[in-house]
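Numbers given in our numbering equal positions in the sequence shown, counted from 1, plus 20. Cβ atoms here follow ideal geometry from the backbone N, Cα and C, with glycine treated the same way. Notes for the one structure printed next.
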Amino acid sequence: MPVPDLKQRSEVARAAVREAGALAMSFFKQDPKTWEKAENDPVSEADIAIDALLKEKLLGIFPNDGWLSEESVHERDANGADAVNDYVWVIDPIDGTRAFIAQKPHFTICVALVWQGKTQLGFVYNPAMDEFFEAARNQGATCNDEPIFVGDHNVLAGCKMLGYHDMYAHKHWRKPWPEFEISIVNSIAYRIVLVARGDHDACVNLRPQNDWDIAAADLVLHEAGGVCTNRQGAPYRFHGRGGKNQNVLAANPVLQKKLVRKFEEFEPRIPKNAQTPGGR
21 MPVPDLKQRS EVARAAVREA GALAMSFFKQ DPKTWEKAEN DPVSEADIAI
71 DALLKEKLLG IFPNDGWLSE ESVHERDANG ADAVNDYVWV IDPIDGTRAF
121 IAQKPHFTIC VALVWQGKTQ LGFVYNPAMD EFFEAARNQG ATCNDEPIFV
171 GDHNVLAGCK MLGYHDMYAH KHWRKPWPEF EISIVNSIAY RIVLVARGDH
221 DACVNLRPQN DWDIAAADLV LHEAGGVCTN RQGAPYRFHG RGGKNQNVLA
271 ANPVLQKKLV RKFEEFEPRI PKNAQTPGGR
């Protein structure tokens with residue numbers, strides 16, 4: 021089956037994400053109501069409002085598409101879409117809710133269009149920084165309409181890494197990591213697209229990630245020339261049913277392979293569903 025035309029969906033999604041960004045900023049630094057969906061899993065009224073706006077804008081025009089969102093996950097297939105063969109919108113209204121609540125500008129709105137297990141369109145918008153990342157499969161990636169590409173640093177030593185200090189200092193590494201710069205950014209999607217733009221060389225996160233956390237950013241990185249896999253080096257397949265892809269190793273192709281090999285040195289091997297260091 022050939023890939024259907026994405027032009028209309030791209031235009032509609034781009035406008036919807038922009039509008040969602042404006043809505044996010046109307047709540048930002050205004051002390052929105054917050055609560056916890058589960059332990060250590062905060063949500064705000066802004067998350068809910070953005071989710072509703074995106075659902076109205078996208079399913080209002082494409083009512084037969086599937087829907088998977090962090091904030092309305094249980095409604096994902098209410099319209100009967102086939103999560104494997106049909107279009108499915110995969111949404112994170114605010115990735116980095118902790119940063120949003122803490123009034124830090126490290127949060128993003130993530131919208132991906134998945135078809136046959138692969139992201140076809142990806143939008144990652146940080147409205148606080150006015151950084152609009154987008155990609156279409158086989159058409160490259162941009163930030164604010166300018167082409168972006170991963171950096172060419174290809175060794176672990178001296179690289180600019182996005183992650184958490186506790187992971188690199190963990191006692192179970194057979195060999196210590198070389199010296200490099202570590203930066204912390206709350207949103208995993210934002211971390212991945214910063215690698216895509218070449219601001220940082222790599223992003224590592226070992227805690228399981230949902231499809232909505234990474235589906236959009238994964239395509240942006242891919243189209244910018246990078247690679248994002250789990251720690252075993254396996255690429256992602258997004259099913260539109262909320263599956264977890266376990267963890268994230270993102271970098272340019274050469275450095276990313278070295279990251280995968282480095283994680284073979286971790287003892288004991290990290291169980292598939294373990295609570296691991298290096299994630300927030």
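*Report all residues from its chain with a CB closer than 7 Å to the CB of Ile121; omit the five preceding and five following residues, and keep chain order.*
Locating residue 121 in the sequence shown gives position 101, where the first residue counts as 1. Annotation for Ile121: Thr54, Pro62 and Ser64 place their beta carbon closer than 7 Å to its own, counting only its chain and skipping 5 residues before and after.
_Quick check on this structure: which residue in Ile204, His173 and Ile70 has the alpha carbon closest to the alpha carbon of Met187?_
The residue given as residue 187 occupies position 167 in the sequence shown. Closest by alpha carbon: Ile204.
_Rounded to the nearest angstrom, what separates Ala305 and Thr128 at their Cα positions?_
Lying outside 21 to 300, the shown extent of the chain, residue 305 is not represented and no answer is given.
*Stretch pair the stretch 145-155 + the stretch 43-51: three plus CB contacts closer than 8 Å*: yes
*Among Trp197, Asn272 and Phe258, which has the Cα closest to the Cα of Asp231?*
On the sequence shown, residue 231 is found 211 positions in, with the first residue counted as 1. Measuring from the Cα of Asp231, the nearest candidate turns out to be Phe258.
_Within 8 Å, do at least three Cβ pairs link the stretch 178-185 to the stretch 194-204?_
yes
*asked:* Using the three-state DSSP reduction, which class does Val37 fall into: helix, strand or coil?
replied: For this step, residue 37 is matched to residue 17 along the sequence shown. Correct three-state label for Val37: helix.
_Per DSSP, what are the beta-bridge partners of Ser203 in this structure?_
Stepping through the sequence shown from its first residue, residue 203 is reached at position 183. BP columns for Ser203 point to Leu182.
*May I have the straight-line CA-CA distance separating Gln266 from Asn250, to the nearest angstrom?*
Along the sequence shown, one-based indexing puts residue 266 at 246. Along the sequence shown, one-based indexing puts residue 250 at 230. The straight-line gap from Cα to Cα measures roughly 6 Å.
*asked:* Taking the beta carbon of Lys75 as the centre, do at least 16 other beta carbons fall within 10 Å, making it buried, or is it exposed?
replied: In the sequence shown, the residue the question calls residue 75 occupies position 55. Counting Cβ neighbours within 10 Å, Lys75 comes out buried, since at least 16 surround it.
*Beta carbon of Ala36: closer than 7 Å to some heavy atom of the ligand FMN?*
For the structure depicted, the ligand FMN is absent and the ligand set is empty, with no information on it obtainable.
*With Val274 as the anchor, note down where its alpha helix (DSSP H) starts and where it stops.*
Looking up residue 274 in the sequence shown gives position 254. Start and end: Pro273 to Lys282.
*asked:* Using CA atoms only, rank isn't needed, just tell me which of Ala155, Val213 and Ala72 is closest to His126.
replied: For the purposes of this step, residue 126 is taken as the residue at position 106 of the sequence shown. Residue Val213 is the option with its Cα nearest to His126.
_Per-residue DSSP class, three states only, for Asp112_ = Walking along the sequence shown from the start, residue 112 turns up at place 92. Strand.
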